[in-house]
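Here the structure is laid out as structure tokens; the discussion comes afterwards.
This is the structure in structure tokens:
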């Protein structure tokens with residue numbers, strides 16, 4: 001496993017982070033809890049020391065699975081969870097950045113995770129109905145109480161980060177980033193220059209960059225891969241299929257699966273400190289981690305970048 005300095009947090013984090021959105025089990029297809037726990041533990045055994053979850057991942061279920069998985073290894077991993085977003089009774093996502101809600105959610109997350117502190121606590125999405133200062137006030141209070149160690153934000157713009165910094169430290173951001181989603185590259189470079197830790201999500205494009213999907217899938221209408229991501233719609237699906245032809249060549253050079261190519265492409269960027277990768281079972285976990293045993297050459301990166309430009313730009 002490779003590690004990078006995580007901005008100004010003082011933490012050295014693995015370049016892969018265990019992602020647990022799908023482990024939550026809502027609208028991600030079939031998920032087995034025993035396999036999920038094994039996957040989290042295998043990632044840790046392979047040297048992955050950062051786990052990402054959120055109460056919005058199926059009403060806290062993902063957090064509870066993580067808590068069970070890390071019970072015996074809590075001192076070996078950093079836990080990231082989020083606030084200001086939760087799952088409503090009908091499964092919809094509700095943004096709530098009010099201070100009272102943030103304080104309440106933190107207590108629930110601590111209980112779900114079976115821990116007395118959260119290493120990195122993120123505002124999941126900005127709430128347009130609530131002043132950022134109010135949300136940050138609650139985050140700073142939790143920091144002062146020792147319930148969280150580092151404050152971060154997810155899905156924030158540069159202007160929103162600057163606003164948040166008026167009220168407290170923002171040490172980590174979590175934007176989307178992959179070969180098929182590079183819209184936040186400028187933001188990430190800006191944060192890297194300011195020594196803000198950068199953990200990216202959507203690293204495998206909801207699975208489309210694993211190479212396992214080669215025909216348009218028939219996901220249910222409510223499936224997250226259809227509702228949250230644009231990759232399984234035309235013309236983007238066909239464009240990505242063309243990109244995969246180049247990734248197949250690079251993967252063949254390394255006798256490796258396509259997913260390892262996609263992950264290396266992301267984490268070899270200087271402005272990506274760690275990339276979140278979702279895992280459903282022990283086999284997937286081990287396979288993703290094996291990709292950290294090798295790197296893409298400059299020529300291969302140039303080849304991939306040219307294919308991205310030809311097909312997606």
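Numbering (UniProt numbering), first residue to last: 1 to 313.
Beta carbons: idealized from backbone N, C-alpha and C, even for Gly.
Is residue j closer than 8 Å to residue i when the C-beta atoms are compared?
{"i": "residue 324", "j": "residue 277", "result": "Here the chain has residues from 1 to 313 only, and residue 324 is not among them."}
{"i": "residue 7", "j": "residue 197", "result": "yes"}
{"i": "residue 108", "j": "residue 286", "result": "no"}
{"i": "residue 33", "j": "residue 65", "result": "yes"}
{"i": "residue 177", "j": "residue 202", "result": "yes"}
{"i": "residue 98", "j": "residue 48", "result": "no"}
{"i": "residue 117", "j": "residue 73", "result": "no"}
With DSSP collapsed to three states, give me the class of residue i.
{"i": "residue 216", "result": "coil"}
{"i": "residue 307", "result": "helix"}
{"i": "residue 102", "result": "helix"}
{"i": "residue 67", "result": "helix"}
{"i": "residue 19", "result": "strand"}
{"i": "residue 5", "result": "strand"}
{"i": "residue 240", "result": "helix"}
{"i": "residue 128", "result": "coil"}
For the alpha helix (DSSP H) holding residue i, just list the boundary residues, first then last.
{"i": "residue 41", "result": "33-45"}
{"i": "residue 160", "result": "158-165"}
{"i": "residue 188", "result": "185-193"}
{"i": "residue 208", "result": "Run containing residue 208: none; DSSP gives neither H nor E here."}
Under the assumption that residue i contacts residue j (Cβ atoms under 8 Å), give the Cβ distance between them as a whole number of angstroms.
{"i": "residue 54", "j": "residue 124", "result": "6 Å"}
{"i": "residue 4", "j": "residue 15", "result": "6 Å"}
{"i": "residue 311", "j": "residue 242", "result": "5 Å"}
{"i": "residue 152", "j": "residue 122", "result": "4 Å"}
{"i": "residue 246", "j": "residue 309", "result": "The pair is not a contact, with the Cβ atoms about 11 Å apart (cut-off 8 Å)."}
{"i": "residue 38", "j": "residue 282", "result": "4 Å"}
{"i": "residue 77", "j": "residue 103", "result": "That belief does not hold up - the Cβ atoms of residue 77 and residue 103 are roughly 24 Å apart, past 8 Å."}
{"i": "residue 173", "j": "residue 191", "result": "5 Å"}
Please list the terminal residues of the continuous beta strand (DSSP E) segment that includes residue i.
{"i": "residue 97", "result": "Looking at the DSSP string, residue 97 is not in any beta strand (DSSP E), and its letter there is neither H nor E."}
{"i": "residue 276", "result": "274-278"}
{"i": "residue 145", "result": "First-last for residue 145: undefined, no H or E at that position."}
Got a sec: is the Cβ-Cβ distance from residue i to anything in chain B below 8 Å?
{"i": "residue 270", "result": "Protein chain content of the structure displayed is limited to a single chain, and chain B is not contained in it."}
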